[in-house]
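Enquirer: Mapping to my numbering: the sequence shown position 45 is 29, numbers consecutive.
Glycine included, every Cβ here is placed at the ideal spot set by N, Cα and C.
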Amino acid sequence: MFGRILNLTRITTIAPTSVILARSTLLRPVVTPTLPSLANGSLTFYRGMKVRSSIKKMCEGCSIVRRRGRRYVICNRDPKHKQRQG
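1) Distance check for Gly70 and Ser38, CA to CA, integer angstroms please.
2) Excluding the five sequence neighbours on either side, which residues of its own chain have a C-beta within less than 8 Å of the C-beta of Cys59, listed in chain order?
3) Between which two residues does the beta strand (DSSP E) holding Ser37 run?
4) Just to confirm my understanding: we take Arg61, look at its own chain, exclude 5 residues before and 5 after, and list those with CB closer than 7 Å. What are they?
5) Could you give the distance in angstroms between the alpha-carbon of Gly53 and the alpha-carbon of Val35?
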C-alpha cells in the first residue's frame, strides 16, 4: 500500500514539471535573423580577434598588452595579427 502511495506521489511531482518544460519550449518565440540589404552594398565586415590559449608575436609590429586581466596582441602593421588569450 505504501509503495502505491509513493508511486502516485512520484508521478504527481514529475508530471507537472515535464508539462511546464514542454509548454515553455512550445511558447518560446521563434527568432529569425535579419540580414541587411545586399542590394545597396551596405554590408560591412568587421574582423574581430583570434582567441588562443597561447598567444605570440607574429611580426615586429606586434606588441603584447595586458588589459582587464587578459593578455592581448595588438599589431600596428597587420590587423589580422590581433589575438586574445583565453
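Expert: Well, looking at it:
1) Here the C-alpha atom of Ser38 lies approximately 8 Å from the C-alpha atom of Gly70.
2) Answer for Cys59: Met42, Cys43, Gly45, Cys46, Ser47, His65 and Lys66, listed in chain order.
3) Counting along the chain, Ser37 sits inside no beta strand (DSSP E), nor does DSSP assign it H or E at all.
4) Cβ neighbours of Arg61 within its own chain (closer than 7 Å, five residues either side excluded): Cys43 and Gly45.
5) Counting only the Cα atoms, Val35 lies some 15 Å from Gly53.
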